[in-house]
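As they're listed, the protein sequences go chains A and B.
When the letters of the first sequence are read in order and numbered with this note's numbering, they come out as residues 56 to 201.
When the letters of the second sequence are read in order and numbered with this note's numbering, they come out as residues 267 to 394.
C-beta: ideal position from N, C-alpha, C; glycine also.
Since this is a predicted model, take the numbers as computed values, not measurements.
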Amino acid sequence: MRSFPNPQWLWQHRRTLPSILSEAGRLLSEITSELEHRGWSDRDIFAVQLAVEEALVNAIKHGNRSDPGKTVTVSCWLSEDLFRIEIEDQGDGFDPATVPDPTSPERLEEPTGRGIMLMRTFMTKVTYNAKGNAVVLEKRRSTSDQ
Amino acid sequence: MNPFFRHLEVRQIPGGVVLYCVRPRILDNSESQEFGEELRDILRLFQPQAVVFNLRNVVFLPTAVLSILVTLKVRLEKEGKSLALTNVRPEILEILRIAALDRWFQIFPDEADAVAILLSSAAQSSNS
């Protein structure tokens, strides 16, 4: 999967993380700080935090199966009104279309399976690559009347 | 309040417990595991008929913790016990609504109401 950085990006960041969740937490704090610094609303920041955390946890736990020998590559871009992040793990990938609907009555008592749905709800766009081991999340900045 | 738990404070009430999250967010997987282990310890230690989870401090709810709450409710109900959530912030309520769990969980705006209703139903089931 390729992303094409836009010349209007105000902030860009690329990092390779070990498959350790505390590392994901540190990256998430940096992203949050950058959004706060640019004056993004609390609601938008909440949405980005939630979705990015779910994607990072998926990459580390489900993609790399917390294997310390595998890494997660993260690239972020931030413009005045768009946040984009690409997260790629070294796992075998999966088909997001096969993930069952966690809101169906027969699945409500299942403890897992809600992360992708929350990402899709809180972000403007969520796209997986064909292999299913990389995801691009985009959040368009809300206007004041949203 | 019980000082022995890292993630949860416990207030005993007759027949149950009220739980409060100490910190506003739990991200790390090991922390969510600890959170789950503390919950299991609390259930074993206090043997509550009713659990009221006051989420007033919770500003962020990753699905790892949501999973623990779902598992807790299923477990309690299998044992004829009950769980209610109270003081849920709007952003957390939105997560529960999106996950279609806002009606699956018993949610009360106020802790006192949740305690009164859960304890009353616990008393009724023990009398029947």
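For the stretch 158 to 175 of chain A, which residues have a beta carbon sitting closer than 8 Å to at least one beta carbon of chain B? Thr158, Leu163, Glu164, Glu165, Pro166, Thr167, Arg169, Gly170, Met172 and Leu173
Is it true that the CB of Ile100 (chain A) sits closer than 8 Å to the CB of Leu90 (chain A)? As a position in the first sequence, residue 90 (chain A) is number 35, starting the count at 1. As a position in the first sequence, residue 100 (chain A) is number 45, starting the count at 1. In contact: Leu90 (chain A) and Ile100 (chain A) (Cβ atoms closer than 8 Å).
Within 10 angstroms of the Cβ of Phe374 (chain B), are there 16 or more other Cβ atoms? Answer buried if so, exposed if not. Numbered from its first residue, the second sequence carries residue 374 (chain B) at position 108. That one is buried.
If you measure from the beta carbon of Thr329 (chain B) to each beta carbon in chain A, is any gap under 8 Å? Here the question's residue 329 (chain B) lines up with position 63 in the second sequence. Yes - at least one Cβ of chain A is within 8 Å of the one on Thr329 (chain B).
Hey, quick one: how far does the beta strand (DSSP E) through Ser77 (chain A) stretch, first residue to last? Indexing the first sequence from 1 puts residue 77 (chain A) at position 22. Per DSSP, Ser77 (chain A) belongs to no beta strand (DSSP E); it is in the alpha helix (DSSP H), Leu76 to His92.
Whole-Å CB distance - Leu351 (chain B) paired with Leu321 (chain B), under 8 Å assumed: Numbered from 1 along the second sequence, position 85 holds the residue referred to as residue 351 (chain B). Numbered from 1 along the second sequence, position 55 holds the residue referred to as residue 321 (chain B). Sure, about 6 Å apart at Cβ, within 8 Å.
Just mark Gly346 (chain B) as buried or exposed, buried being the case when its beta carbon has 16 or more other beta carbons within 10 Å. Looking up residue 346 (chain B) in the second sequence gives position 80. Exposed, because fewer than 16 other Cβ atoms sit within 10 Å of the Cβ of Gly346 (chain B).
Leu349 (chain B) vs Val317 (chain B) beta-carbon contact at 8 Å: Numbered from 1 along the second sequence, position 83 holds the residue referred to as residue 349 (chain B). Numbered from 1 along the second sequence, position 51 holds the residue referred to as residue 317 (chain B). In this structure, Val317 (chain B) lies closer than 8 Å to Leu349 (chain B) by Cβ.
What residue from A:Val129, A:Lys180 and A:Glu165 has the CA that sits closest to Arg70 (chain A)'s CA? Within the first sequence, residue 70 (chain A) is the residue found at index 15, counting from 1. For Arg70 (chain A), the nearest C-alpha among the options comes from A:Val129.
Is there a C-beta anywhere in chain B that falls below 8 Å from the one on Phe101 (chain A)? If you number the first sequence from 1, residue 101 (chain A) lands on position 46. Interface residue, yes.
Element boundaries [alpha helix (DSSP H), containing Val103 (chain A)]: On the first sequence, position 48 is the one that residue 103 (chain A) refers to. Taken as a continuous stretch (DSSP letters only), the alpha helix (DSSP H) holding Val103 (chain A) covers Asp97 to Val112.
Closest Cβ-Cβ distance between Met267 (chain B) and chain A: below 8 Å? As a first step, residue 267 (chain B) is located in the second sequence; it is residue number 1 there, counting from the start. Here the model assigns Met267 (chain B) a pLDDT of 49, short of 50, so the residue's position is not dependable and the matter cannot be decided.
Identify every residue that forms a DSSP beta bridge with Trp66 (chain A). Walking along the first sequence from the start, residue 66 (chain A) turns up at place 11. Paired residue(s): A:Leu133.
Assign Ala382 (chain B) to one of three DSSP states: helix, strand, or coil. The residue given as residue 382 (chain B) occupies position 116 in the second sequence. Correct three-state label for Ala382 (chain B): helix.
Is Glu141 (chain A) close to chain B, meaning its C-beta is less than 8 Å from at least one C-beta of that chain? Numbered from its first residue, the first sequence carries residue 141 (chain A) at position 86. By this cut-off, Glu141 (chain A) is not an interface position.
At a Cβ cut of 9 Å, what residues of the stretch 108 to 139 of chain A count as close to chain B, listed as they run along the chain? Glu108, Glu109, Val112, Ile115, Lys116 and Ser121
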